[in-house]
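Counted the way our numbering counts, the sequence shown spans residues 8 to 308. For each residue, glycine too, the CB sits at the ideal point set by N, CA and C. Single-structure report; data block below.
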Amino acid sequence: MFSYRHAFHAGNHADVLKHMVLVQLLRHMALKEAACMTIDTHAGAGLYALDGNQASKSGEFKEGIARLWQRQDLPAIVADYVGLIKKMNPDGKLRHYPGSPYCAYQLSREQDRLRLFELHPSDIKLLNENFQHLAQQVPPKSRAGRGKRVMVQRDDGFASLRALLPPPSRRGLILIDPPYEDKNDYRHVVTAVADALTRFPTGTYAIWYPLLPRPELRQMLSRLKRLPGAEWLHVSLRVGKPSPDGLGLRGSGMYIINPPWTLATQLKESMPWLTQALAQDEGAEFTLETGTTPASRDERD
Ligand code: SAM
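Have a look at this one:
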């Protein structure tokens, strides 16, 4: 059950797409003064060392963030995301890479709340240690509220979501980023989001998925599109043709419910550039679509 370790994949092309979009969702949440609760149902370790054993063994980040590191012509939202990582690497060498919890922490304000769930025994330990370390960097005066601000829990993110919704402030961003090694994850995503929307219909939900030729993926996307009464945006990035042996992830996507209205334009402007920058062969392409789900409930397959 616990074979997946995100450290092998940190900073790869899929993380680039996911974290670039996440940064814009967090920026949008910070436009209004009212508090926002960010819930990361599958948090991972929070922070990664790209020169550590796992990331350097797989080398996946070399085809992801490393391809953007020295570029001077980044479109605005790519520059925003890369800028966050540059701040973590002040000497200019790409060594540290943020997980989604760190992106959320960096872009959250005093009034915001961060709720992180992780099940892997080693990654929950690292996540706790990473956040304890971050807390040490906060001036003692502001530390008192940290316990309330950030909560890290070793729990099932799908099951834990319902108890948190709606957030007291009625403003929330929910990132759902399971490994999908267990094919039931596709089904769990739809069930969790369907339930969450009944409790908190105005929340923003960001669902990441690997672009794999699986019937479960097609079914998940078509069921998400039929959840009632929500605007959605769907972006995917394929970095190349499927490999002949079927190994290696060649693409990923983000399905966002109740996206900021500016996001589609931002992605229209940046995705052609990003696709070229991360292309591994002539099969690289992106898709971008938006829509509104029907007002009545229809989740049948
Ligand atoms: N969101 C992270 C990021 O962007 O940096 C990466 C998360 S990784 C794709 C998925 C994580 O979910 C793994 O660390 C895995 O151990 C964890 N996980 C798997 N099933 C889970 C569950 N039901 N609840 C919470 N965490 C789970």
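In the structure shown, residue 121 falls within a strand segment according to DSSP collapsed to helix, strand and coil. Distance from the C-beta of residue 49 to the nearest heavy atom of the ligand SAM is below 7 Å. DSSP places residue 129 in the uninterrupted alpha helix (DSSP H) bounded by 128 to 143.
Rounded to the nearest angstrom, the gap between the Cα atoms of residue 16 and residue 65 is 7 Å.
Every alpha helix (DSSP H) of 4 residues or more that sits fully in the stretch 206 to 246 is shown, in chain order, as 222 to 232. Across the structure, residue 133 and residue 289 are spaced so that their CA atoms are roughly 39 Å apart.
Here residue 10 has 188 as same chain residues with Cβ atoms under 8 Å from its own Cβ, once five neighbours each way along the sequence are excluded.
For residue 46, the closest of 211, 58, 182, 240 by C-alpha to C-alpha distance is 182.
Here the alpha carbons of residue 171 and residue 113 stand approximately 22 Å from one another. The residue from 179, 109, 235, 199 with its alpha-carbon nearest to that of residue 301 is 235. When secondary structure is reduced to three states using DSSP, residue 295 falls in the strand class. The Cβ atoms of residue 295 and residue 246 do not sit closer than 8 Å to each other. Boundaries cannot be given for residue 163, as no alpha helix (DSSP H) includes it and DSSP labels it neither H nor E. Beta-bridge partners of residue 56 (DSSP): 103. For residue 165, the shortest separation between its Cβ and any heavy atom of the ligand SAM lies below 7 Å. When distances are taken from the beta-carbon of residue 127 to the heavy atoms of the ligand SAM, the shortest one is below 7 Å. Checking the 7 Å criterion, the Cβ of residue 11 is within range of a heavy atom belonging to the ligand SAM. Three or more Cβ pairs closer than 8 Å define a contact, and the stretch 73 to 90 falls short of that threshold against the stretch 121 to 140. Per DSSP, the beta-bridge partners of residue 262 are 214, 241.
For residue 106, the CB falls within less than 7 Å of some heavy atom of the ligand SAM. Ranked by Cα distance from residue 214, the options 227, 221, 222, 208 are led by 227.
Annotation for residue 185 indicates a beta carbon within 7 Å of some heavy atom of the ligand SAM. Boundaries for residue 18: no beta strand (DSSP E) harbours it, and the DSSP string shows neither H nor E there. Pairing residue 22 with residue 99 gives a Cβ-Cβ distance that is not under 8 Å. Within the model, the alpha-carbon separation for residue 96 versus residue 249 is close to 33 Å. Of the candidates 57, 78, 121, 57 places its Cα closest to the Cα of residue 104. For the pair residue 261 and residue 161, the Cα-to-Cα distance works out to about 25 Å.
When beta bridges are read from the DSSP output, residue 157 appears opposite 121. Counting only the Cα atoms, residue 237 lies some 36 Å from residue 76.
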